[in-house]
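Here the structure comes first, spelled out in structure tokens, and everything after it is commentary.
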Amino acid sequence: MSNRSPETSPARLDELKLRPSERVVRYLLKEFDRPELQHGARLPSNRELARRLGVSVPTVQSVLKSLSREGRIQTRHGSGTYLLSQPQVSGEPLRVVIAALLHPDEKLNDPWLNAIISGFMPVALQSHPTTFVGIAPEKFGTDESVTALLAELPSADGLIIMPYALMPQDRDRVTAAYEAEGKPVVHLNPPEPNSTSNFVATDYLGPARRLGQVWRETGRKRIALFAVAQTYGYAVSSQLRLMGLACGIGEALGESVSLQVLTPQVPGGDAAYRVMKEHLKKGDAVPDAMLVALRNAIPGIKAALEEHGLRVPKDVSLVSTEKLAARQVGDGGDTLIHEPAVALSAHLMGMLFQRIENNGASVPGVYLPANFIGGSTTRRQENKLLKIE
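Under this note's numbering, the first residue of the sequence shown carries the number 74, and numbering increases by one thereafter.
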């Protein structure tokens, strides 16, 4: 009869032939199959696992980090590591609710909204069977969207909130209701300037900072941000652009360079034309460089400037934001900050799936880079500094 202990059994010796990380993975996968280890069960400490398996603590930590990304475990600082139930990868389709705003003058033909939402499907086809439910009231700030979103809560697996879909207090109320039921929520654009998790956004601040710096270096003295004001204040994207311009101007702000904000109450070229005409009539602080949040405002602004005897870009530089794919921008050559609509869509859908798979665990917010294209509405010296070919 053998006196060999369990620690030196043939099965144990076979496992020792595996790489250290493979031993940890095999051990944990066996542990996950134990019937008494249910969702939320606490696993042994990293040090204890390392001792049992004859590996280093960093090896255990590396494996646990990988399993955490897969949604198998959750580490709580100061508390320990806990088992999570298996992620949902097959079976019944996930039901994803999308909260969006349909502008009354655009209905379902909003190209940017269509570009973002249409990008969800390819990600879903590669990851999960998914059913999408759109909630899109035609009038901003009404209760109908809140009622519809809460009605979808019992059958929903997650919620995507698009910009301007809800008033802030309604957005917070709906978000809290979904999260309380374990239905994760992700946002396109941070819901607040200081938000740190569960959103995907273009890096508005970075390009605006670069613009402010370039305009200061090339002698522009009166810079303006043209941004649509909402009933509850500036959109977060506009706030970040304004912060970026101010940072780029730096110490010259208020000394040799001024920064102002022009805010029409509604979007569109006609409103932009009227606001610009009224501003130019005042005669003081006529801008010589403008960052325009919405590209469709550029024609109206250009017309007002030209009627005032100002030339673009010699007298006034204009840069606007374009949210569509590059092939949809057209041949106008305007200087644009090109936002990555396709990448935004993919990251947003991927973030929601990640939260669903990880039982609602929050994830860090993601800012995606934007690049400058075009160049006809900014001067050659500015284009060189902005690296526009």
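Built from N, CA and C at the ideal position, the CB exists for glycine as well.
All of these numbers come straight from a predicted model, not from anything done at the bench.
- Residue 421 and residue 461 have their C-alpha atoms spaced approximately 28 angstroms apart.
- In terms of Cα proximity to residue 393, the closest of 280, 327, 247 and 156 is 280.
- DSSP links residue 296 through a beta bridge to 332 and 362.
- For residue 231, the enclosing beta strand (DSSP E) has its first and last residue at 231 to 234.
- Contact check for residue 425 against residue 259 passes: the beta carbons are separated by less than 8 angstroms.
- In the displayed model, residue 134 falls within a helix according to three-state DSSP.
- The alpha-carbon separation between residue 248 and residue 138 amounts to approximately 28 angstroms.
- Cβ neighbours of residue 386 within its own chain (closer than 6 angstroms, five residues either side excluded): 450, 451 and 452.
- Within the same chain, Cβ atoms closer than 6 angstroms to the Cβ of residue 243 are found at 219, the five residues on either side in sequence being excluded.
- Around the CB of residue 194, fewer than 16 other CB atoms lie within 10 Å, so the residue is classed as exposed.
- DSSP places residue 116 outside any alpha helix (DSSP H), giving it a letter other than H or E.
- With a threshold of 16 other beta carbon atoms within 10 Å, residue 140 meets it and is buried.
- If you compare the alpha carbons of 344, 266 and 235 with that of residue 300, the shortest gap goes to 344.
- Using a 10 angstroms sphere on the CB of residue 362, the tally of other CB atoms reaches 16 or more, which defines it as buried.
- In this chain, the beta strand (DSSP E) harbouring residue 440 covers 439 to 441.
- Contact between the stretch 225 to 245 and the stretch 278 to 293 is absent: fewer than three C-beta pairs spanning the two stretches fall below 8 angstroms.
- Residue 235 and residue 326 do not touch by the CB rule: their CB atoms are close to 33 angstroms apart, not below 8 angstroms.
- For residue 170, the enclosing beta strand (DSSP E) starts and ends at 167 to 172.
- Each of 188, 323, 408 and 269 was checked against the Cα of residue 438, and the nearest Cα belongs to 269.
- When the five nearest sequence neighbours on each side are left out, the beta carbons in the same chain lying within less than 7 angstroms of the beta carbon of residue 320 are those of 282 and 285, in order along the chain.
- Its chain contains 270, 271, 424, 427 and 428 as the residues whose beta carbon lies nearer than 8 angstroms to that of residue 436, once the 5 sequence neighbours on both sides are disregarded; these appear in chain order.
- Cβ-Cβ separation between residue 190 and residue 208: approximately 12 angstroms, too far for a contact (criterion under 8 angstroms).
- According to the DSSP assignment, residue 281 belongs to no beta strand (DSSP E) but to the alpha helix (DSSP H) extending over 278 to 290.
- Sorting 360, 199 and 395 by C-alpha distance to the C-alpha of residue 384 places 360 at the top.
- Close CB contacts of residue 350 within its chain, under the 7 angstroms cut and outside five residues either way in sequence, are with 377 (chain order).
- Sixteen is the threshold: since fewer than 16 other Cβ atoms of the shown chains lie within 10 Å of the Cβ of residue 124, the residue is exposed.
- In the structure shown, the three-state DSSP call for residue 274 is strand.
- If you check the CB distance, residue 330 and residue 233 do not come in under 8 angstroms.
- When the five nearest sequence neighbours on each side are left out, the beta carbons in the same chain lying within less than 8 angstroms of the beta carbon of residue 297 are those of 332, 333, 334, 335, 360, 362, 363 and 364, in order along the chain.
- Under the 10 Å beta carbon count, residue 375 is surrounded by 16 or more other beta carbons and is classified as buried.
- The beta carbon of residue 129 sits closer than 8 angstroms to the beta carbons of 93 and 123 from its chain, once the five residues preceding and following it are set aside; these are given in chain order.
- Between residue 311 and residue 156, the alpha-carbon positions lie close to 42 angstroms from each other.
- Per DSSP, reduced to three states, the secondary structure at residue 146 is strand.
- Between residue 290 and residue 458, the C-beta spacing is below 8 angstroms.
- Counting along the chain, the unbroken alpha helix (DSSP H) around residue 220 starts and ends at 217 to 225.
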